[in-house]
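Here the structure comes first, spelled out in structure tokens, and everything after it is commentary.
2 protein chains.
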Amino acid sequence: MTEPSARVVIVGGGFGGLAAAKALGKAPTQNIVIDRTNHHVFQPLLYQVATSVLGPAQISSPIRSILRKQKNTTVIMGEVTGVDKEQRCVFVNDADREHVPVPYDYLILATGVRHSYFGHNEFEQFAPGLKSLADAVDIRNKILKAFETAEAEEDVSRHRDLLTFILVGAGPTGVELAAALAIFVRTTLRSDFRRIDPTSARIVLLDAAPKVLGSFAPDLSGAAEDRLQKLGVEVRLGHAVEKIDEEGVIAGGERIPSKAVIWTAGVAPSPAGKWLGVETDRAGRVRVQKDLRVPGHPEIFVIGDTASLDQDGKPLPGVAQVAMQQGRYVGKLINRHVAGKTSLKPFRYFDKGNMAVVGKGYAVLQSGKVQMHGLLAWFAWAAIHILYLSQNSLRISVFLQWLWTFFTGQRGSRLIVEKTAEEPGKANTPSATIPPNQTKPELQPTH
Amino acid sequence: MTEPSARVVIVGGGFGGLAAAKALGKAPTQNIVIDRTNHHVFQPLLYQVATSVLGPAQISSPIRSILRKQKNTTVIMGEVTGVDKEQRCVFVNDADREHVPVPYDYLILATGVRHSYFGHNEFEQFAPGLKSLADAVDIRNKILKAFETAEAEEDVSRHRDLLTFILVGAGPTGVELAAALAIFVRTTLRSDFRRIDPTSARIVLLDAAPKVLGSFAPDLSGAAEDRLQKLGVEVRLGHAVEKIDEEGVIAGGERIPSKAVIWTAGVAPSPAGKWLGVETDRAGRVRVQKDLRVPGHPEIFVIGDTASLDQDGKPLPGVAQVAMQQGRYVGKLINRHVAGKTSLKPFRYFDKGNMAVVGKGYAVLQSGKVQMHGLLAWFAWAAIHILYLSQNSLRISVFLQWLWTFFTGQRGSRLIVEKTAEEPGKANTPSATIPPNQTKPELQPTH
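Take a look at the structure:
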């Protein structure tokens, strides 16, 4: 039996890592959760941050505040750079130091995926992807700036190109972004401009695949596509993207001019496989045993999007629920192991279903034999996503925001927040500065 | 009489510019509001964004959405680079083009101030100031990262320096930040760390002046200082800052090691005076006539923090209320002028009073003969600041957030949102990407 102070290092504070950490909350272990950021992000709602509905703080919580009650768990903000399987430690860079070794008795890698440019990383500077809060804020800035730039342009002939938005990839992220953008221009922005008509914005959804939402049943893909067209989204399927540059996109031989291209296509796993130097699948995901261990290393587990495991002959999908179920499984397994109990039966994923929202009051949903689309599916989507959030404060905040947006059409976070070029303080001289303590408002309401 | 299509260009969407634009909402003029950002910020609450209480979207609104109902008003996001008084146009850089001339018949410059480093601009990289939302987010990141870095550091002897926060400047911003930080470490962060004790954080408030809140009555300054000391803030007055570098601050000959220095001292006006090439005061503010016009240019007005006007022998303070009253005055004056009516009597500032908050449930307030400090003053502060916000949605959102924070001690926006170094997509090959449309959550609440 391992001594009570066994160190469990969990890399990644996403759905998988957090589920594992929670499952070890009462274990006689010393848990260390390491994440590159200080927060857990509810990725399924990132598209709502990118489209100004929700603010970053409404879909994320500090990992250490989620785990504050687990006195056996320490949270470290840092970037893991590698693993030493023999010395049993991971190497971490933090704000202050580099390559700090953090020893483990058990290691859980839950490092997820990033968006992938199919080997064309040069696309990234023109077509940002959507995986982190910083990504979402970048895309929000890009979208809002396109309208600002067009409004500043008095030459009407340039408005069409300036207001062309291209989404590359018709999976859930692309579909949800396209629909949210279509609603945005028709409601929120409708009466905010003088020189441009926001409703004339062109929203193009591109994919090389023959249908949208490829992982859904054909009927639901069809319904989603119809809905997108009703919303005015230009759906172009079977068009492979050949080039993305500052002028726009070339797809199916045709150039579409655009200053606002967003990448919603494939994802690639974290370098966990490289750190471990073990066998990966063609996508680069670590091949794990049925108990989620790395072959030959019973102390190392890989879970979630960065793990590769087949079930009934098919690879498990890269969805939140797989990561969460795997996290709970590994937590339970380590609990049993440190208690000297026999191991668990192999991990088995229980598929609860799949859903995507297509604009205001419309979603597609499939669960087992059940297939739904429309308003009822949207209510189910809204309810489940609110339940999914990590803390009650977020549930309340998102629920109120959605109510308000649903009925007023206004969105909560239409901000472009960026450093400006301007250099402060240049205008003044040492002797000539206005006293600091005269910069407050006074006793009178604005009107 | 000017023809109905007179163009009024307003530079700056702060308290002054917005007040002027609103006052011209029904005028037979064509108004153009130009701001570097897309939003109006409620600056008095920036310190709450810097200390994670409120999110950026809770204290700001898109300028064009505030003015959406004014069909005679166009809002442009762009940076003004100069003014041609003879040709009567301002020059604007936007995301797309540079130095675009925007003609005016009337010009209102309400370009405000930035923080100033007393000629030591080299301080800025180590001690960011607090004037914009981007500044507030930078400072929030700096504060939160200090705790993350200390928690990652297993060498206890380094914790004290890593957890030393220095605020340079004991005006309202410095006092409010110091107090909010003191409450933050004692409540919100209390139980979130394992290796460090957040309550041991050292918060130092420095100023060369002999008292805090110099613009307040001596009794209130004293009360505020006592309150700060009760909260554990180290108040060091009469210490001029000699140096700020990556190691910390040198003040009064003594070095205080710190990785988290924040600049809350003086401000310097915008370059409006340079653009116009007219007389400024020693601080660089444009000297205006009693009707806020620039001498010799009846079509150019300068208002708010970047204007210099004496009243009863004293220069008007750089506060929101002066800017708002001046904005309304200029709007009214232009209304009368285009209507061919006689001009107005000189501008006169009506001082409603002044207030600052010193932590949870405590504020100092003076208005005419009235002086208050304590809980009642804090309620007045809270009520007035909520009324001050630009839109009802913000009033509701801030009110709920404050209620929640007051009773739970939790804060709404404890996020470090930054681009990470990591390059996406490197791990994969063109042929080997996981299908994009398998990245959604499923039908099951988390627990």
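From first to last, the protein sequence lines stand for chains A and B.
Here numbering that gives the first Met the number 0 is used: the first residue of the first sequence is 0, the next is one more, and so on.
Here numbering that gives the first Met the number 0 is used: the first residue of the second sequence is 0, the next is one more, and so on.
Positions of the beta carbon are idealized from the N, C-alpha and C atoms, including for glycine.
None of the values given here were measured: they were computed from a predicted structure.
What did DSSP end up calling residue i once you bin it into helix, strand or coil?
i: residue 136/B; result: helix
i: residue 387/B; result: helix
i: residue 166/A; result: strand
i: residue 10/B; result: strand
i: residue 303/B; result: helix
i: residue 309/B; result: strand
i: residue 160/B; result: helix
i: residue 150/B; result: helix
i: residue 121/A; result: helix
i: residue 353/A; result: strand
i: residue 71/A; result: coil
i: residue 20/B; result: helix
i: residue 336/A; result: helix
i: residue 358/A; result: coil
i: residue 141/A; result: helix
i: residue 60/B; result: strand
i: residue 126/A; result: coil
i: residue 53/B; result: coil
i: residue 205/B; result: strand
i: residue 81/B; result: strand
i: residue 453/B; result: Outside the shown range of chain B (0 to 446) lies residue 453/B, about which nothing can therefore be said.
Only counting the same chain, and skipping five residues up and downstream in sequence, which positions put a Cβ closer than 7 angstroms to that of residue i?
i: residue 401/B; result: 381
i: residue 57/B; result: 393, 396, 397 and 400
i: residue 413/A; result: 51 and 143
i: residue 317/A; result: 112, 266 and 304
i: residue 320/B; result: 351
First and last residue of the alpha helix (DSSP H) that includes residue i?
i: residue 228/A; result: 217-229
i: residue 185/A; result: 171-185
i: residue 271/B; result: 271-275
i: residue 46/A; result: 45-49
Less than 7 angstroms between the CB of residue i and some heavy atom of the ligand ATP, yes or no?
i: residue 347/B; result: Annotation note on the ligand ATP: not contained in the displayed structure, which lists no ligands.
Since residue i contacts residue j with CB under 8 angstroms, what's their CB separation in whole angstroms?
i: residue 7/A; j: residue 333/A; result: 6 angstroms
i: residue 213/B; j: residue 276/B; result: Wrong, their Cβ atoms sit about 33 angstroms apart, outside the cutoff.
i: residue 75/B; j: residue 150/A; result: 7 angstroms
i: residue 188/B; j: residue 232/B; result: Not a contact, Cβ separation roughly 16 angstroms.
i: residue 226/B; j: residue 356/B; result: Their Cβ separation, rounded to whole angstroms, is 10 angstroms, which puts residue 226/B and residue 356/B out of contact at 8 angstroms.
Against residue i, what residues of chain C qualify as contacts under a CB-to-CB distance less than 7 angstroms, listed in chain order?
i: residue 403/B; result: Absent here is chain C; the protein component of the structure consists of chains A and B.
Between the alpha carbons of residue i and residue j, how many angstroms are there, rounded?
i: residue 154/A; j: residue 194/A; result: 9 angstroms
i: residue 217/A; j: residue 211/A; result: 9 angstroms
i: residue 69/B; j: residue 304/B; result: 26 angstroms
i: residue 87/B; j: residue 109/B; result: 17 angstroms
i: residue 366/B; j: residue 372/B; result: 12 angstroms
i: residue 359/A; j: residue 19/B; result: 37 angstroms
i: residue 347/B; j: residue 324/B; result: 9 angstroms
i: residue 420/B; j: residue 42/A; result: The predicted model places residue 420/B with a pLDDT of 48, which falls under 50 and marks its position as unreliable; any figure quoted below should be read in that light. So the alpha carbons of these two residues sit roughly 20 angstroms apart.
i: residue 165/B; j: residue 415/A; result: 29 angstroms
i: residue 388/A; j: residue 243/A; result: 35 angstroms
i: residue 35/A; j: residue 335/B; result: 59 angstroms
i: residue 133/A; j: residue 78/A; result: 16 angstroms
i: residue 405/A; j: residue 122/B; result: 47 angstroms
i: residue 422/B; j: residue 24/A; result: Unreliable placement is indicated for residue 422/B, whose pLDDT of 41 sits below 50; no coordinate value is reported for it.
i: residue 185/B; j: residue 136/B; result: 22 angstroms
i: residue 140/A; j: residue 48/A; result: 10 angstroms
i: residue 283/B; j: residue 82/B; result: 17 angstroms
i: residue 379/B; j: residue 328/B; result: 27 angstroms
i: residue 95/B; j: residue 221/A; result: 38 angstroms
i: residue 118/A; j: residue 206/A; result: 17 angstroms
i: residue 425/A; j: residue 178/A; result: With a pLDDT of 37 at residue 425/A, under the threshold of 50, the modelled position of this residue cannot be trusted; read the value that follows with caution. Roughly 45 angstroms between the two C-alpha positions.
i: residue 238/B; j: residue 208/B; result: 8 angstroms
i: residue 385/B; j: residue 391/B; result: 9 angstroms
i: residue 313/A; j: residue 291/A; result: 16 angstroms
Would you kindly report the start and end of the unbroken beta strand (DSSP E) that includes residue i?
i: residue 89/A; result: 88-92
i: residue 100/B; result: 99-102
i: residue 372/B; result: 369-373
Spatial neighbours of residue i within its chain, please: C-beta separation below 8 angstroms, excluding the five flanking residues on both sides.
i: residue 148/A; result: 161 and 258
Quick one: residues in its chain with C-beta nearer than 6 angstroms to the C-beta of residue i, no 5 flanking neighbours on either side, listed in chain order?
i: residue 457/B; result: What is shown of chain B runs 0 to 446, which leaves residue 457/B out entirely.
i: residue 279/A; result: 272 and 285
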